[in-house]
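Here's the structure, in structure tokens; my notes come after.
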Amino acid sequence: EVGELWVRGAQVIRGYLNQPEATAEAITDGWLHTGDIARIDEDGFIYIVDRAKDMVLRGGENIYCAEVESAIFHHEDVAECAVFGVPDERLGEEVGAAVLLRDGSALTVGSIREHCAERIAKHKIPRYIWILDDLIPRNASGKFLKKQLREELDPADAL
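What follows is the structure, encoded as structure tokens:
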């Protein structure tokens, strides 16, 4: 079972300086909400699965972007991919994927979906896929700017 990782102890911050609202959101009864989605194995080891903010809530189902990204990225023709939630009136969110193909690739959206179908559950396969011409935008630490992708990529332009 997976869930959000909460931690507490002497090493955990007591709160944010002069930010009582942020402190109240992040800490409950001394427990820090890390924002990490984790699982514990049978030996008690903790594994980080994804970030809570990097999860798609599709019709009540939690879809971890890292799992979908891994499925797509394992195709030899994919250079980069970023998965994120796309607003949907009926389901709340749908899965969207921005994909940069390797030079010379003729990979199609249909082929990407077929590739995903071999690796992940049907409801996790991206409904929206954008094939990009340029590198996926990143921040200074190299993380994909998914908020920017959500704002810039129009579902009507997805394939």
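Each residue of the sequence shown is one higher than the last, beginning at 43 in this note's numbering.
Glycine is no exception: its CB is placed at the ideal position from the N, C-alpha and C atoms.
ask   = If we count the other Cβ atoms within 10 Å of its Cβ and call it buried at 16 or more, is Asp-92 buried or exposed?
value = buried
task = Can you tell me which of the three DSSP states Phe-87 falls into?
result = coil
Residue from Phe-87, Pro-129 and Ala-159 whose Cα sits closest to the Cα of Ala-198 = Pro-129
inquiry  = Which same chain residues end up closer than 8 Å to Tyr-58 when comparing Cβ atoms and leaving out the 5 residues on each side of it in sequence?
reply    = Ala-64, Thr-65 and Ala-68
message = Given a cut-off of 9 Å on the beta-carbon distance, is the pair Leu-177 and Glu-122 in contact?
response = yes
message = Going by DSSP in three states, Arg-155 sits in which element: helix, strand or coil?
response = helix
key: Coil, strand or helix - Val-44 by DSSP   = strand
inquiry  = By the three-class DSSP mapping on this structure, what secondary structure does His-117 have?
reply    = coil
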